[in-house]
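Everything below concerns the one structure shown next.
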Amino acid sequence: MTGLIDYFAGYAVMREREGYKNAAIALLQRRGIAFYDVHEKDGATYFRIRRRYLSEPGLSLCAETVYEKGFIPDLLKSLKRPGLYIGALIFAAGLVFSDMIVWDVRFVCNGNENRQRIEAAADRCGIRCGALKTSVDRRAAEAFIMAGCPDVSYVRINYEGNTAVVVTDERIIPAPAHDSGADLTASEDGYILRYETYSGRTVCEKGQTVKRGDVLISGSYETFHHGTANTAARGKVYALVRRSFVCAVPLTVTEKEYTGKETVTHTLSLFSRELGKKRTAQKENTDVITDERAVTVFGAVELPLRIKTTTEREYVKVKRQVKENEARAELEAMCEKQYAEITADAVRVDGCEKTYTVEDGKYKLYCEIWLVCNIAR
Numbered sequence: 004m005t006g007l008i009d010y011f012a013g014y015a016v017m018r019e020r021e022g023y024k025n026a027a028i029a030l031l032q033r034r035g036i037a038f039y040d041v042h043e044k045d046g047a048t049y050f051r052i053r054r055r056y057l058s059e060p061g062l063s064l065c066a067e068t069v070y071e072k073g074f075i076p077d078l079l080k081s082l083k084r085p086g087l088y089i090g091a092l093i094f095a096a097g098l099v100f101s102d103m104i105v106w107d108v109r110f111v112c113n114g115n116e117n118r119q120r121i122e123a124a125a126d127r128c129g130i131r132c133g134a135l136k137t138s139v140d141r142r143a144a145e146a147f148i149m150a151g152c153p154d155v156s157y158v159r160i161n162y163e164g165n166t167a168v169v170v171t172d173e174r175i176i177p178a179p180a181h182d183s184g185a186d187l188t189a190s191e192d193g194y195i196l197r198y199e200t201y202s203g204r205t206v207c208e209k210g211q212t213v214k215r216g217d218v219l220i221s222g223s224y225e226t227f228h229h230g231t232a233n234t235a236a237r238g239k240v241y242a243l244v245r246r247s248f249v250c251a252v253p254l255t256v257t258e259k260e261y262t263g264k265e266t267v268t269h270t271l272s273l274f275s276r277e278l279g280k281k282r283t284a285q286k287e288n289t290d291v292i293t294d295e296r297a298v299t300v301f302g303a304v305e306l307p308l309r310i311k312t313t314t315e316r317e318y319v320k321v322k323r324q325v326k327e328n329e330a331r332a333e334l335e336a337m338c339e340k341q342y343a344e345i346t347a348d349a350v351r352v353d354g355c356e357k358t359y360t361v362e363d364g365k366y367k368l369y370c371e372i373w374l375v376c377n378i379a380r
């Protein structure tokens, strides 16, 4: 700790003059000034004191300064070198210029829009690696991508450091409405409990059993003066329906058992192009884990260099017998997920029956559900 303080405060190494044996040290002791590293060399006594004590009266008569060290002396020496200013100027200009260049382009698609078409349109607008940020009109590029990609409803181009981020949303085209005179039919088999007709003619009755595809509310009806008229049938028909599904888990499963052998390789990429030899094809019975990170300066400025770390872990395949309680827990989880999907449109659930069996080398769960829902489609 003393050495660190001395470096920032500054210190000097002194040598006693000939004929003043221990006179300087005695002078420092009388005045209560701390000194360090006292040693003899070539018949002379050397010691170290802090720079602020060099101006003590009488000290320069009995000792001479060999050299001075410390933060301030080193800084003053460095400032006398013109190459330092030139290097700092070049470095600062490089940082400013590099911050104006796009080193990477990232696309964020929030739907099923055609990514390749978006990337091609962005490239034609100048959104690419190595491009100057000031040379791209982002608003014009957004309009160009919108015009060239009919499946895109929203485009926004932002800069995050040296990365250009292109964010898009998918254009959802609504399904066409029912034509005039369209009928509402049963989407599945069921026993009708009640119905609500808003337009059209009801052709079903309460207590009737219908099959999938049967007409429930017709869009055609007879008028007294104008004969047959057509309208878009609208209404709801609530029926008791039966739905079922099967969940299965195999009696034996194949699992990976890692041997502990790992191979780690590091590769550099410049402007998204990999340098050096390309990695060989993946070996059999290995898992590949890839991690990529950018090289930054001062933790803020990203360089066009990226380091990719690839880890290959070797494993062997082993077969394991699934325990019955483990299979039941997995079947219950699968059943719960499918149950939520099947009953999502239900008004109420009237009953659920589960049956566990072992068939064809699998644990199986048969689930039968009775529920009330709107079957008019």
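Take 4 as the starting number for the sequence shown in this note's numbering and just add one per residue.
Glycine is no exception: its CB is placed at the ideal position from the N, C-alpha and C atoms.
If you're wondering where the values come from, they're calculated on a predicted model, not measured in any experiment.
Just the Cα atoms here: how many angstroms apart are residue i and residue j?
{"i": "alanine 124", "j": "aspartate 172", "result": "15 Å"}
{"i": "histidine 181", "j": "alanine 232", "result": "For histidine 181, the pLDDT reaches just 45, beneath the cut-off of 50, and the residue's location in the model is therefore unreliable, although a value from the coordinates is still provided. If I take the Cα positions, the gap works out to 16 Å."}
{"i": "alanine 396", "j": "arginine 55", "result": "Outside the shown range of the chain, which is 4 to 380, sits residue 396, and nothing can be said about it."}
{"i": "serine 223", "j": "tyrosine 157", "result": "42 Å"}
{"i": "glutamate 333", "j": "glutamate 287", "result": "29 Å"}
{"i": "serine 63", "j": "phenylalanine 11", "result": "23 Å"}
{"i": "arginine 370", "j": "arginine 331", "result": "According to the sequence as given, residue 370 is cysteine; it is not arginine. So the alpha carbons of these two residues sit roughly 13 Å apart."}
{"i": "threonine 166", "j": "valine 249", "result": "49 Å"}
{"i": "cysteine 376", "j": "threonine 314", "result": "52 Å"}
{"i": "arginine 351", "j": "valine 170", "result": "41 Å"}
{"i": "glutamate 260", "j": "threonine 289", "result": "11 Å"}
{"i": "serine 183", "j": "isoleucine 130", "result": "Confidence in serine 183 is poor, its pLDDT being 45 and thus under 50, which makes the residue's placement too unreliable to answer from."}
{"i": "tyrosine 162", "j": "lysine 365", "result": "53 Å"}
{"i": "alanine 15", "j": "leucine 271", "result": "47 Å"}
{"i": "leucine 219", "j": "serine 202", "result": "12 Å"}
{"i": "valine 321", "j": "arginine 109", "result": "40 Å"}
{"i": "isoleucine 195", "j": "arginine 204", "result": "16 Å"}
{"i": "alanine 150", "j": "valine 111", "result": "18 Å"}
{"i": "glutamate 327", "j": "lysine 209", "result": "46 Å"}
{"i": "glutamate 277", "j": "leucine 254", "result": "46 Å"}
{"i": "alanine 29", "j": "lysine 44", "result": "19 Å"}
{"i": "glutamate 122", "j": "tryptophan 106", "result": "16 Å"}
{"i": "isoleucine 148", "j": "arginine 141", "result": "11 Å"}
{"i": "tyrosine 342", "j": "aspartate 353", "result": "13 Å"}
{"i": "aspartate 348", "j": "glutamate 362", "result": "31 Å"}
{"i": "valine 139", "j": "glutamate 329", "result": "58 Å"}
{"i": "alanine 27", "j": "cysteine 65", "result": "6 Å"}
{"i": "serine 247", "j": "glutamine 211", "result": "22 Å"}
{"i": "glutamate 344", "j": "cysteine 355", "result": "14 Å"}
{"i": "asparagine 115", "j": "arginine 174", "result": "9 Å"}
Sort the options by Cα distance to residue i and report the nearest one.
{"i": "alanine 242", "options": "Met17, Ala47, Trp373, Asp186", "result": "Trp373"}
{"i": "threonine 137", "options": "Asp102, Ala150, Asp154, Arg109", "result": "Asp102"}
{"i": "valine 300", "options": "Ala146, Tyr261, Leu308", "result": "Leu308"}
{"i": "glutamine 285", "options": "Glu277, Arg276, Glu317, Val298", "result": "Glu317"}
{"i": "glutamine 119", "options": "Ala27, Arg159, Asp154, Thr68", "result": "Asp154"}
{"i": "tyrosine 70", "options": "Ile89, Tyr49, Ala26", "result": "Tyr49"}
{"i": "glutamate 339", "options": "Glu327, Arg127, Lys357", "result": "Lys357"}
{"i": "glutamate 335", "options": "Asp294, Val350, Val252, Met149", "result": "Val252"}
{"i": "leucine 217", "options": "Ile148, Arg380, Gly35, Leu30", "result": "Sequence check: residue 217 is aspartate here, not leucine. Nearest option by C-alpha distance: Arg380."}
{"i": "aspartate 294", "options": "Leu306, Glu305, His269, Leu273", "result": "His269"}
{"i": "valine 392", "options": "Ile93, Thr188, Ile121", "result": "An answer regarding residue 392 cannot be provided, because it is not within the stretch 4 to 380 covered by the chain."}
{"i": "threonine 346", "options": "Val244, Glu122, Leu278, Phe147", "result": "Val244"}
{"i": "threonine 312", "options": "Ser247, Glu265, Ser190", "result": "Glu265"}
{"i": "glycine 133", "options": "Glu329, Leu273, Ala26, Val206", "result": "Leu273"}
{"i": "glycine 238", "options": "Val206, Ser247, Thr200", "result": "Thr200"}
Inspect the beta-carbon positions of residue i and residue j and report whether they are closer than 8 Å.
{"i": "asparagine 117", "j": "cysteine 152", "result": "yes"}
{"i": "valine 240", "j": "isoleucine 378", "result": "yes"}
{"i": "valine 319", "j": "threonine 262", "result": "yes"}
{"i": "arginine 51", "j": "aspartate 40", "result": "yes"}
{"i": "serine 221", "j": "aspartate 186", "result": "yes"}
{"i": "glutamate 145", "j": "arginine 159", "result": "yes"}
{"i": "glutamate 67", "j": "arginine 18", "result": "yes"}
{"i": "glycine 164", "j": "phenylalanine 74", "result": "no"}
{"i": "arginine 215", "j": "glutamate 258", "result": "no"}
{"i": "leucine 135", "j": "isoleucine 104", "result": "yes"}
{"i": "isoleucine 310", "j": "valine 298", "result": "yes"}
From the DSSP secondary-structure annotation, give me the bridge partner or partners of residue i.
{"i": "cysteine 376", "result": "Ala242, Ala349"}
{"i": "aspartate 172", "result": "Tyr157"}
{"i": "glutamate 208", "result": "Its beta-bridge partners do not exist; DSSP assigns none."}
{"i": "phenylalanine 50", "result": "Met17"}
{"i": "valine 41", "result": "Paired residues: none, contrary to the question."}
{"i": "phenylalanine 385", "result": "Summary: the structure shown does not reach residue 385, with the chain confined to residues 4 through 380, and so no result is reported for it."}
{"i": "isoleucine 195", "result": "Ala242"}
{"i": "serine 223", "result": "Asn233"}
{"i": "tyrosine 201", "result": "According to DSSP, which records beta bridges pairwise, tyrosine 201 is partnered with nothing at all."}
{"i": "tyrosine 162", "result": "Ala167"}
{"i": "alanine 297", "result": "Arg309"}
{"i": "alanine 66", "result": "Glu19"}
Does residue i have its Cβ less than 8 Å from a Cβ in chain C?
{"i": "cysteine 112", "result": "This model lacks chain C altogether, as it is built from one protein chain only."}
field: Length-filtered (3 minimum) beta strand (DSSP E) runs lying within the stretch 226-295
entry: Listed in chain order, they are 230-233, 237-253, 255-273.
query: Fully enclosed by the stretch 309-358, which alpha helix (DSSP H) runs are 4 residues long or longer?
result: Taken in chain order, the complete alpha helix (DSSP H) segments of 4 residues or longer contained in the stretch 309-358 are 327-345.
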